[in-house]
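Written below as structure tokens is the structure these notes are about.
In mature numbering (1 follows the signal peptide of the UniProt record, and there is no 0), the protein residues as written are -29 to -1, 1 to 147.
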């Protein structure tokens, strides 16, 4: 019997060691440093802006797009590099009518004319301080200026930090 007790004790010790090793691997998962959030674009200009990029992630002025990675914790050096193409009202009118897609020859010519009419812009802007990230809203303003916010409120709400109206006219001279 003592030999049997020894085997049981040995097995219990081994089982306890294995359980302790397994449990030592169990800990609270570390929170990620960044969270995915939606990207929304608001066009305040008379120019046509359909899509854009923020730090390489795509966005649209025609609805919400997923996703931009927003740091969980805001830091003072946090910026957004925004790139976009715009089409002036005059260029937009000159491109009318749009040929039917099945009219391949004219459609290809129109696409080339469209591509040559687009103006490319890029700017890096600071991301204002936030306690909680609610995605990124990108506001396109006259003179190729951009403001961004990670506010949990929406454009048009009194608490929303960017209050510029839509359809703003381009000034005769843009500030430098």
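C-beta: ideal position from N, C-alpha, C; glycine also. From a predicted model like this one, the values you see are computed outputs, not experimental measurements.
Item	Value
Complete beta strand (DSSP E) runs within the stretch 61 to 108 (minimum length 3 residues, chain order)	90 to 97
DSSP-derived helix/strand/coil call for residue 42	strand
Residue 52 (DSSP reduced to helix, strand or coil)	strand
Inter-stretch contact at 8 Å, needing at least 3 Cβ pairs: the stretch 38 to 52 / the stretch 85 to 92	no
Three-state class that DSSP yields for residue 113 in the structure shown	helix
CB of residue 135 within 7 Å of CB of residue 15, strictly	yes
Whole-angstrom distance between residue 57 and residue 84, CA atom to CA atom	14 Å
Beta-carbon contacts of residue 139 that lie in its chain and below 8 Å, excluding the five residues immediately before and after	15, 16, 17, 112 and 113
DSSP bridge partner residues for residue 120 (one or two, in chain order)	108
Buried or exposed by the 16-neighbour rule on C-beta atoms within 10 Å, applied to residue 55	buried
Whole-number beta carbon distance between residue 109 and residue 27, since they are thought to touch under 8 Å	Going by Cβ atoms, the distance from residue 27 to residue 109 rounds to 14 Å, so no, they are not a contact pair.
Residues of its chain near residue 141, where Cβ-Cβ distance is below 6 Å and the 5 sequence neighbours each way are ignored	113
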